[in-house]
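FYI, in this note's numbering the residues of the sequence shown are 44 to 168. Glycine included, C-beta positions come from ideal geometry on N, C-alpha and C.
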Amino acid sequence: MDPETNLLGWSNRIDVQTGRIDKFGEGNYSERVLIVYSGIHYDALALAPTSDSPAEFDQTRFLTTDDDILTAARAIADSLRKSHKYTDVANFTLRCEQCKTGLKGEKDAHNHAAATGHTRFVEYQ
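Okay, here's the thing in structure tokens:
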């Protein structure tokens, strides 16, 4: 379990790229938070009472028995996946801004940085 989700107790993390739902703290809590993971970033899902309500009215904790909210969260992740709103860190394409070398994935970038000392990379399609 990674440190970010370990702090949250009972949570469901939905991976946008795969649609997989990871459950943490299951059975120990009556409420949960729902988290969407884009491959490089986590966002908590919030339910707003209206589209223009202030953020302080958002609901971010949900009963663990509420399967409808999990179904809605899965639909959000599906929509994000169809729009390719995730980063595939193993296969994304990067370019070193210092020497313009093309790289594939986080591993190549790490190896390039170790070999050259270069640290500025940009993603490209």
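Quick check: the Cα distance between Asn55 and Tyr80, rounded to an integer number of angstroms? If you take the alpha carbons of Asn55 and Tyr80, they lie about 10 Å apart.
When the Cα atoms are used, what is the spatial distance from Thr129 to Ser73? Looking at the sequence shown, residue 129 is not Thr but Tyr. So the alpha carbons of these two residues sit roughly 30 Å apart.
Does DSSP classify Ser122 as helix, strand or coil? helix
Whole alpha helix (DSSP H) elements within the region 63 to 148, 4-residue minimum: 110 to 125
Excluding the five sequence neighbours on either side, which residues of its own chain have a C-beta within less than 7 Å of the C-beta of Val132, listed in chain order? Gly82, Ile83, Gly148 and Glu149
Counterpart residues of Val59 in DSSP-defined beta bridges: Val59 is not bridged to any residue.
Which listed residue (Ala156, Ala120, Ala157 and Gln141) has its alpha carbon closest to that of Asp86: Residue Ala120 is the option with its Cα nearest to Asp86.
Going by alpha carbons, who is nearest to Lys63 out of Phe105, Gln168, Thr107 and Thr114? The amino acid at residue 63 is misidentified as Lys; the sequence shows Arg. When each option's Cα is compared against that of Arg63, the closest is Thr114.
Buried or exposed, going by whether 16 or more other CB atoms sit within 10 Å of the CB of Leu106? exposed
To the nearest whole angstrom, what separates the beta carbons of Arg104 and Val76, a pair I think is in contact under 8 Å? Sure, about 6 Å apart at Cβ, within 8 Å.
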